[in-house]
Amino acid sequence: MYKKLNVLLVFGVLSAASMLASAQNLYVNDLKLKADLDWLNTQGVTQISTSTWPLTANEIKRGLASANAQTVAQQQVLLSIQNRLKQNRDSLVKASGGLYLQTDRKQLPQTFADDQLAGQQATVGVSLSEAQWEFNLQANLKNDELIDDSSDVSFDGTYLAGNAANQWLIAGKIPTWWGPGQDGSLIRGDASLPVAGITMQRDQQTAPTSDYLSWVGPWQYQLFAGQLEDYDAVPDAKLFGARLTASPWQWLEVGASRTFMWGGDGRPESFGSFTDALLGTKDNGGNDGGDPANQLGGFDAQVKLSSLIGIPATVYAQYIGEDEAGGLPAKNMYLAGADYAADMYGKPYQLYAEYADTRTSGESRGISYDHVNYTDGYYQQGYPLGHALGGDAESIAIGGRLWLDNRNFVNTKLQYAKVNQADEAINQAFPTSDTLKVIDVAWEHQLQPQALITSRLWAVDSDTQSSDIGMAVGIELTTY
4 MYKKLNVLLV FGVLSAASML ASAQNLYVND LKLKADLDWL NTQGVTQIST STWPLTANEI
64 KRGLASANAQ TVAQQQVLLS IQNRLKQNRD SLVKASGGLY LQTDRKQLPQ TFADDQLAGQ
124 QATVGVSLSE AQWEFNLQAN LKNDELIDDS SDVSFDGTYL AGNAANQWLI AGKIPTWWGP
184 GQDGSLIRGD ASLPVAGITM QRDQQTAPTS DYLSWVGPWQ YQLFAGQLED YDAVPDAKLF
244 GARLTASPWQ WLEVGASRTF MWGGDGRPES FGSFTDALLG TKDNGGNDGG DPANQLGGFD
304 AQVKLSSLIG IPATVYAQYI GEDEAGGLPA KNMYLAGADY AADMYGKPYQ LYAEYADTRT
364 SGESRGISYD HVNYTDGYYQ QGYPLGHALG GDAESIAIGG RLWLDNRNFV NTKLQYAKVN
424 QADEAINQAF PTSDTLKVID VAWEHQLQPQ ALITSRLWAV DSDTQSSDIG MAVGIELTTY
C-alpha cells in the first residue's frame, strides 16, 4: 500500500496530460467549460450546444464569433473560454500531468465530468494536435479504486482522431454525454469508465445550406460503436449508439438518442441479428419470441427563455424508454430541470434545479437498466452507462456555480436521492436500496496559466450506511 502510494506521488510530480486539458481540437467532458458555455447560452450571448460531448474547438470558435457580450460579467466568462482556446495551439506537442487525492467516496453521487474515481490517482501523458488530426496518449496510475477494473494502470482518455469534410472520426477511450442535464443523462452519462470504441460526429454544427433543409438550423449527430469491458454476463458484448440534435429556432434545441447492446459470447452476431437490433424490431422483453438486444431510446429538449421572452433561464427535459411500443419508447425514465444565469456585483453565477426518475414509468420494477439476456444490465463493471444513480432511483438536486474572478470557480450542490429502490445487485454504484442527503462543494483555483489546483468537500447522510464526510485535493500541470 505505502509503496504504491510512493510510486503514485513520484508519478504525479514527474508527470506532465490531464484528460480535460490536453486536447486542442476535441474537448472531452469538462465541467468548467460546460458551465462557461451554459452561462453564456442562458444569457443569450451565444448559441453553442452543450448536450453532446465531446465538443470541438472549431464549433466553440464558430459560436463565439457571433457572441454579443455587453456586460462586464459576460465579457469575463467569454474571455475565460477564449483564453482556454488560446492555450491549445496548432502544431504543438503538449505534456501535462496531475495528482489527485481523496478520502473514500462510495456514497457520493457522481455528476458531469466527475472522473476522479480512485483514492489516489496520478495521470501522465502527451498529445499532438494538427488542424486535421489529433493524438492523445494518457496513462493513469490508480490506488484504492472506486471501480474495480482489475488493473492499477489504465489508458482512459487515450484517443486518435482525424477530421475530413467537417467530420471527426475518433478511436479510443473517451467519456460521452448525451442530453441537456446538469447532473445526469438517462442514456449516455459518464459515471462508468469510458467505453473503448469509435465515435463519429460533425466538426462545425452549421445549418444546412439547402433551401429545403435550412429550417433545421445548427445540427449535430454522433455515432458510437464499442466493446464493453469486464461484462461477465455476456463477455465481449458490444455497445452501439446514435444521437441527433437540431436547433430550428435560437430558443429551442431538440435531440433524439438510441443505444443498444448486441453480440458477445453466446449471442447471435449475424447480419440479420444486427439489422434487427439496429431497426429495433425485437423489443427488450422478447415478447415475440425473438432474440432482442438491450435497447434504450428517447428524446430530449431545451428551451432558452432569454431568446423567447428575455429571461436568462433555460428549461429542459429528457425521457428515455427501455422498450418500444407503437414506434415510441415505453417503460420510461424521466429527467427535467431548469437553470438561471445572472451576475451579482459583477460576479457571474448560475443556479439550477434538476429532477431525475429512473424507475419504470414511476414504479420500481427492476426493469430500468436491466435485461433478460444481458443480465449485468446497462452497466460496465457495475457502474451505469446512463444516469449515475443507476436504475430505480429518484433524485432532486439544487446546485449553484459562482465565478469569483477569472482564476476562481466554485461549484456547489444539494441533493436528495432514493437509490436502487428495486435492490438490484447489478448496480455496484449503489448496491442496496438507500436514501441519501448530499452536500457537495468544489473549488477550482487557476494558480498559474499552467497550474490548476482543485479541492472538494462533501457530506453524505445515508439511511443504511454511516454518514460520510470527505475531502479531495488535486493539481494539474500543463506545458504548451
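Reading the sequence shown from the start, the letters are residues 4 to 483 in the working numbering. We put the CB at the ideal spot given by N, CA and C, even for glycine.
Cβ-Cβ separation, residue j to residue i (assumed contact under 8 Å), whole Å
i: residue 177; j: residue 201; result: No, residue 177 and residue 201 are not in contact; Cβ-Cβ is about 11 Å, not under 8 Å.
i: residue 220; j: residue 391; result: Actually they are not in contact, since the Cβ atoms of residue 220 and residue 391 sit about 31 Å apart, beyond 8 Å.
i: residue 150; j: residue 386; result: 5 Å
i: residue 314; j: residue 300; result: Wrong, their Cβ atoms sit about 32 Å apart, outside the cutoff.
i: residue 395; j: residue 423; result: 6 Å
i: residue 397; j: residue 421; result: 5 Å
i: residue 384; j: residue 232; result: 7 Å
i: residue 29; j: residue 167; result: Wrong, their Cβ atoms sit about 15 Å apart, outside the cutoff.
i: residue 240; j: residue 264; result: 5 Å
i: residue 144; j: residue 155; result: 6 Å
Among the options, nearest to residue i - alpha-carbon criterion
i: residue 444; options: 405, 466, 437, 194; result: 405
i: residue 458; options: 302, 446, 469, 464; result: 446
i: residue 100; options: 356, 160, 171; result: 160
i: residue 372; options: 381, 365, 240; result: 381
i: residue 452; options: 479, 442, 77; result: 479
i: residue 309; options: 41, 363, 153; result: 41
i: residue 409; options: 394, 403, 449; result: 449
i: residue 317; options: 166, 235, 343, 327; result: 343
i: residue 109; options: 463, 477, 481; result: 463
i: residue 133; options: 197, 115, 171; result: 171
i: residue 58; options: 276, 118, 88, 439; result: 88
i: residue 124; options: 158, 370, 78; result: 158
i: residue 367; options: 341, 336, 268; result: 336
i: residue 339; options: 332, 345, 355; result: 355
i: residue 78; options: 334, 37, 346; result: 346
i: residue 63; options: 74, 198, 43; result: 43
i: residue 73; options: 84, 46, 83; result: 46
i: residue 476; options: 33, 105, 60; result: 105
i: residue 140; options: 120, 103, 96; result: 96
i: residue 211; options: 204, 236, 251, 179; result: 251
i: residue 256; options: 302, 350, 270; result: 302
i: residue 333; options: 306, 350, 307, 363; result: 363
i: residue 126; options: 107, 138, 146; result: 146
Secondary structure of residue i, DSSP reduced to three states
i: residue 52; result: coil
i: residue 414; result: strand
i: residue 19; result: Its pLDDT being 34, under 50, residue 19 is placed unreliably in this model, and the coordinates cannot settle the point.
i: residue 5; result: Low per-residue confidence applies at residue 5: pLDDT is 41, beneath 50, and the placement is therefore not dependable, though the value from the model is reported in the following sentence. Looking at residue 5 - three-state DSSP - the assignment turns out to be helix.
i: residue 254; result: coil
i: residue 33; result: coil
i: residue 290; result: With a pLDDT of 49 at residue 290, under the threshold of 50, the predicted position of this residue should be treated as unreliable, and no value is reported.
i: residue 391; result: coil
i: residue 156; result: strand
i: residue 44; result: helix
i: residue 134; result: coil
i: residue 277; result: helix
i: residue 39; result: helix
i: residue 120; result: coil
i: residue 217; result: helix
i: residue 104; result: strand
i: residue 60; result: helix
i: residue 469; result: coil
i: residue 282; result: helix
i: residue 191; result: strand
i: residue 368; result: coil
i: residue 139; result: strand
i: residue 237; result: coil
i: residue 270; result: coil
i: residue 324; result: strand
i: residue 148; result: strand
i: residue 14; result: For residue 14, the pLDDT reaches just 44, beneath the cut-off of 50, and the residue's location in the model is therefore unreliable, although a value from the coordinates is still provided. Three-state result, residue 14: helix.
i: residue 409; result: coil
i: residue 28; result: coil
i: residue 211; result: coil
i: residue 96; result: strand
i: residue 375; result: coil
i: residue 452; result: coil
Which residues DSSP lists as bridging residue i, in chain order
i: residue 398; result: 359, 420
i: residue 263; result: 243, 298
i: residue 317; result: 307, 342
i: residue 404; result: 353, 414
i: residue 112; result: According to DSSP, residue 112 bridges with nothing at all.
i: residue 464; result: 440
i: residue 459; result: 445, 475
i: residue 232; result: None, per the DSSP bridge assignment.
i: residue 176; result: 199
i: residue 434; result: In DSSP, residue 434 forms no bridge with anything.
i: residue 164; result: 137, 173
Requested in this report: Enumerate, from N- to C-terminal direction, the unbroken alpha helix (DSSP H) stretches of 4 or more residues contained entirely within the segment 62-92.
Outcome: 75-89
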